[in-house]
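Residue numbers (my numbering), protein chains in the order written: chain A, 1 to 345; chain B, 1001 to 1308.
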C-alpha cells in the first residue's frame, strides 16, 4: 500500500492533528473542553466584530512567514525572526517618539529604519554562515533573547513612560500610526503592506534571476556551483530579504496594532524570545510548501489560532501558552507525514 | 577578598553543573549521529516534572526519579522522530522545543500558580559536606561542599571519555556517527545504537534540568533554562566532540551564567538584562572562532534510512 499525499493535504492533516492531539492534556489538567468551547462561542457571538482580530494577528505573521520562506528556500535556517522583529519594532519606536514629522514622511522612515534593523540583526549570522560555515540555527536562535533583553533593558530605563507602573513606552503620535481600513476594528493598513510583501516575494522568487538562484541553491548546492551561481551571495541576499521583512513586521506590529513598545509586544516577550511571531513564522513558512502565496493562507490559520488562544484564556482559563504546544504538534506531524506519506519532490 | 573569591568560584561550579551535564548528554547522542536540538525542551520539562513531583509529594528522591523517567521518554520521542522516521533534525528540534516550552508554562500556570497563588519553593537537594575534606579552608568550601549532581557531573567525565574512546560500545557509537552505512554492513544495528544513544543522552539532559531546578533555583519559572541547552550544543562544537574538553568550557559558561547573581551579591549597578545577554553574545563570538578548527562527526544530521 503506497499512499502519496501532496503538501497541502499534509498541511491540513497536520493542523487537524495539532488541534486534536493536545486535547487530552487540557482534559487531564482539569479543564472542561466543552465549557471552554461554549464560553469561546459566547464571546464571539456577543461581539462578532472581534473576529476581525484574526486579521490583526495575521498581519505581522504574514510578513514574517514570507520573509522566512525566502531564507528557508536557500536552506538558511533563520530561526531569529523574533529578534529581528523586536529590533525593527524598537528602532521604529525610537523614530516615532523622537521625530515629529507629518505622516507621509514618518511612516516611510519607520519602514526603512525597521527593515534596516532587521537586516542588521540577521547580517552577522548570515556572514558567519557564508564565510566560515558557522551553523546559523544556533547563532540566529541565540540572537533572539539578546534582542528581547536589550528592549527590556531600555524599557526599564530610558524609554520608559514614567506615568505608568508597567515598563512600557509612551504611545506613538497619531501621525506615526497606520490608518484603520475596517472601521470599528483594529485591522490597519498593515494588512495591505503584508499582502504587498507576499506578492513582492512571489515576484522575486518566480520572475527574477535571484529567485531562480535561490531555488537552485536550496535544492542542490552542487548543481548550483557547477552552473556558476555564487552561492554565498545568494544565501546572503536571501538572508537580507528575510531579515528585512522580519524587521518590517516589527514596525507593522508597532504602528498598526500595539502603538507602543511593551513586554507583550509580541507573544515572545514574556518568554525571553523563545516564542512569538518569529516562531509561528517558522511553521507558516514550512506549511506553505513550495508556493510563497500559500503563506497568506497559513498565516491566516495561525492568526486564527492566536486569536482563539487569547479568547480561550479570557473566557475558559486555558493559558495562551497552550498555543505553543499546538504549534509544536503541528510541526512534528507535518515533517513526519512528509517523510512517511509525502510525495517525492 | 578571599571570601569573595570563594563565593564566586563556588557559584561558578554550581552554575556549571547543568551545562556540563547537558553538554555530556548532547555529546553522547551527537557522537552517534543524532543532533538533539530538542535539548532545551527536554531539559525544561525535566526541571518542571522534578519540581512538581517534589512539590506535591515533598520527597526529593521521587522528584529526581520522575525527572529521569522523563529523560527516558524524551529520548524515545526524539529517537522516534529522528532515528526511526528520519525527519529533518532542525524542524524536529524546534518543534519539540516549542511544544515543551508551551507545555511547561501551561502546566505550571494550571497546576502550580493557580493552585498555590504564588510560586512556592521546594526543599531541593541539599549540599553534601564530605567529611574532613570540607574542613580545609578555601578548597573545602569550593570543592567539597557541593551538591550531589555537581560531584556526579564532574566525576563522570573521565568514565564517559573511557567508555566512548576505549571500549567496543564507544566504538559502535562513534562508528554510527561517522559512517553508518559501513557500520551497518559490519553487522552493527545502527538504528538501535542511535536509539540508545539518544535515550542515554536525554537522561543526562534530564539530570541537567533536575540539577538546575532542585539544586540551583529550588523553584520553577517560565523558560528557566534560558538557552542553557543551546549553549550546551555550542559547547559540544567548541570541544571538538571531545568530552574532556567540555570541562573548562562549562566552567567558563558557569561563570558567565552566575554573573547576574554575583553582581547582585556585590551590588554592582548594571542592568541585569545586559548581564543576561553576555552568554549569548559570547557564544555567537566563539562560534565564529571555533568553527574552522573542529570537525563534526561525518554523519551528524544525516538520518540513517534502513534499506531492506
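All C-beta atoms in this analysis are idealised placements derived from N, C-alpha and C, irrespective of residue type, glycine included.
Are residue i and residue j close, meaning C-beta to C-beta below 7 Å?
i: residue 189/A; j: residue 195/A; result: no
i: residue 1032/B; j: residue 1173/B; result: yes
i: residue 1100/B; j: residue 1021/B; result: no
i: residue 1074/B; j: residue 1250/B; result: no
i: residue 82/A; j: residue 268/A; result: yes
i: residue 1077/B; j: residue 328/A; result: no
i: residue 5/A; j: residue 1273/B; result: no
i: residue 1048/B; j: residue 1220/B; result: yes
i: residue 79/A; j: residue 137/A; result: yes
i: residue 1060/B; j: residue 1125/B; result: yes
i: residue 65/A; j: residue 285/A; result: yes
i: residue 307/A; j: residue 320/A; result: no
i: residue 1291/B; j: residue 132/A; result: yes
i: residue 1093/B; j: residue 1140/B; result: no
i: residue 251/A; j: residue 111/A; result: yes
i: residue 95/A; j: residue 243/A; result: no
Is residue i close to chain A? Criterion is C-beta to C-beta, closer than 7 Å.
i: residue 1234/B; result: yes
i: residue 1106/B; result: yes
i: residue 1298/B; result: no
i: residue 1292/B; result: yes
i: residue 1276/B; result: yes
i: residue 1030/B; result: no
i: residue 1026/B; result: no
i: residue 1302/B; result: no
i: residue 1230/B; result: yes
i: residue 1015/B; result: no
I want to verify the contact list: residues of chain A whose CB lies under 9 Å from the CB of residue i, in sequence order.
i: residue 1099/B; result: 22, 324, 325, 326, 327, 328, 329, 331, 332
i: residue 1222/B; result: 270, 271, 272, 321
i: residue 1103/B; result: 22, 25, 321, 322, 324, 325, 328
Excluding the 5 residues preceding and the 5 following residue i in the sequence, name in chain order all residues of the same chain whose CB lies nearer than 7 Å to its CB.
i: residue 179/A; result: 188, 189
i: residue 1263/B; result: 1270, 1275
i: residue 981/B; result: This structure gives no information on residue 981/B, because the portion of chain B shown stretches from 1001 to 1308.
i: residue 61/A; result: 277, 280, 281, 284, 299, 302, 303
i: residue 57/A; result: 303, 306, 307
i: residue 1296/B; result: 1241
Less than 7 Å between CB atoms is the rule here; does residue i satisfy it with respect to chain B?
i: residue 335/A; result: yes
i: residue 242/A; result: no
i: residue 279/A; result: yes
i: residue 220/A; result: no
What in chain B is Cβ-close to residue i, meaning under 7 Å?
i: residue 79/A; result: 1094
i: residue 139/A; result: 1284, 1287
i: residue 64/A; result: The contacting residues do not exist; residue 64/A stays about 15 Å from chain B at best.
i: residue 282/A; result: 1094
i: residue 86/A; result: Result: empty, since nearest Cβ-Cβ is about 13 Å, beyond 7 Å.
Just the chain A side, please: which residues come within less than 8 Å of residue i by C-beta, in chain order?
i: residue 1280/B; result: 142, 143, 145, 146
i: residue 1273/B; result: 149, 150, 152, 153, 156
i: residue 1081/B; result: 332, 335, 336
i: residue 1226/B; result: 145, 272
Once the 5 residues before and after residue i are set aside, which same chain residues still bring their CB inside 8 Å of it?
i: residue 314/A; result: 43
i: residue 76/A; result: 126, 129, 136, 235, 238, 239, 242
Mind listing the chain A neighbours of residue i? Cutoff is C-beta to C-beta under 7 Å, in chain order.
i: residue 998/B; result: With chain B covering only 1001 through 1308, there is no way to say anything about residue 998/B.
i: residue 1288/B; result: 128, 132, 134
State yes or no: is the beta carbon of residue i nearer than 7 Å to at least one beta carbon in chain D?
i: residue 315/A; result: You won't find chain D in this structure, because its protein chains are A and B.
Below 8 Å on C-beta distance, what does residue i contact in chain B?
i: residue 286/A; result: 1091
i: residue 29/A; result: 1106, 1107, 1110, 1111
i: residue 121/A; result: Neighbours of residue 121/A on chain B: none; closest Cβ ~12 Å, over 8 Å.
i: residue 301/A; result: Per Cβ cutoff of 8 Å: no residues; residue 301/A is ~16 Å from chain B at best.
If I measure Cβ to Cβ from residue i and keep anything under 6 Å in the same chain, skipping five residues before and after, which residues do I get?
i: residue 236/A; result: 126, 130
i: residue 1176/B; result: 1032, 1033, 1183, 1190, 1193, 1194
i: residue 1288/B; result: none
i: residue 1088/B; result: none
Listing by chain order, which chain B residues have their CB less than 9 Å from the CB of residue i?
i: residue 180/A; result: In chain order: nothing, as chain B lies at least about 32 Å away.
> What are the complete alpha helix (DSSP H) segments, minimum 4 residues, inside the stretch 164-230 of chain A?
Replying inline: Every alpha helix (DSSP H) stretch that sits fully inside the stretch 164-230 of chain A and reaches 4 residues is listed by chain position as 190-207, 209-219, 221-226.
> Can you list the alpha helix (DSSP H) stretches of 4 or more residues lying completely in the stretch 260-304 of chain A, in chain order?
Replying inline: If we require 4 residues or more, the alpha helix (DSSP H) runs fully inside the stretch 260-304 of chain A come out as 277-287.
> Which whole runs of the alpha helix (DSSP H) in the stretch 1216-1304 of chain B are 4 residues long or more, in chain order?
Replying inline: Scanning the stretch 1216-1304 of chain B from its first residue to its last, the whole alpha helix (DSSP H) runs of 4-plus residues come out as 1228-1238, 1246-1265, 1272-1290.
> What are the start and end residues of each continuous alpha helix (DSSP H) run of 4 or more residues lying completely inside the stretch 1070-1098 of chain B, in chain order?
Replying inline: With a minimum length of 4 residues, no continuous alpha helix (DSSP H) run stays inside the stretch 1070-1098 of chain B.
> For the stretch 1009-1080 of chain B, which segments carrying the alpha helix (DSSP H) assignment without a break, of at least 4 residues, lie completely within its bounds, in sequence order?
Replying inline: Counting whole runs of 4 or more residues, the stretch 1009-1080 of chain B contains the alpha helix (DSSP H) stretches 1039-1057, 1060-1079.
> Whole alpha helix (DSSP H) runs in the stretch 1111-1172 of chain B with 4 or more residues, listed along the chain?
Replying inline: Every alpha helix (DSSP H) of 4 residues or more that sits fully in the stretch 1111-1172 of chain B is shown, in chain order, as 1137-1143, 1148-1166.
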